[in-house]
Amino acid sequence: MKLIKAIIRPNKVDDLKEAFAKIQIAGMIVTEVRGHGRQKGYTAVYRGREYEVTLLPKMQVETVVPDELVEPALQAIREAARTGEIGDGRVFICPVEVSYNIRTGERDIA
135 MKLIKAIIRP
145 NKVDDLKEAF
155 AKIQIAGMIV
165 TEVRGHGRQK
175 GYTAVYRGRE
185 YEVTLLPKMQ
195 VETVVPDELV
205 EPALQAIREA
215 ARTGEIGDGR
225 VFICPVEVSY
235 NIRTGERDIA
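Under my numbering, the first residue of the sequence shown carries the number 135, and numbering increases by one thereafter.
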């Protein structure tokens, strides 16, 4: 099993959810996050004052998939989240050794 973390633009979450549904990935966790990479930020004006916005709003989408779904999931993320501009995001893939279902106590081993 693998944990896939994708940092994407907020307006791309619904597109990604639909893309995951097409390849039978049902579960995901979505968290509002802030950060920057190459995009850096921008200067804004509020009530006549300029200020720097250096941490941009993003969404972190996490899902755990079996090894055979890693490539389809990665492709779904690329297609659903890509705009072709700086700030589209990043994907991280980490191994999962074990997981437990809290309600049933079932244990899944990678």
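Glycine included, C-beta positions come from ideal geometry on N, C-alpha and C.
Express the C-alpha separation of residue j and residue i in angstroms, rounding to a whole number.
i    : j    : result
A204 : M135 : Looking at the sequence shown, residue 204 is not Ala but Val. Their backbone Cα atoms lie some 9 Å apart in a straight line.
Q194 : I211 : 12 Å
V164 : L208 : 16 Å
P144 : Y180 : 22 Å
Using C-beta distances below 7 Å, list every residue in its chain close to residue i, excluding the 5 sequence neighbours before and after it, in chain order.
i    : result
I220 : R172 and Q173
E186 : G175 and T177
Which same chain residues end up closer than 8 Å to residue i when comparing Cβ atoms and leaving out the 5 residues on each side of it in sequence?
i    : result
G169 : I141, L189, L190 and K192
Exposed or buried, what is residue i when buried is set at 16 or more other beta-carbons lying within 10 Å of its beta-carbon?
i    : result
A178 : exposed
By the three-class DSSP mapping on this structure, what secondary structure does residue i have?
i    : result
L189 : coil
R241 : strand
V230 : coil
Roughly how far, in whole angstroms, is the beta-carbon of residue i from the beta-carbon of residue j, given that I think they are within contact range, below 8 Å?
i    : j    : result
M162 : E196 : 7 Å
A214 : A160 : 16 Å between Cβ atoms; not a contact.
Apart from the five residues just before and just after residue i, which ones in its own chain have a Cβ nearer than 6 Å to its Cβ?
i    : result
L137 : V198, C228 and V230
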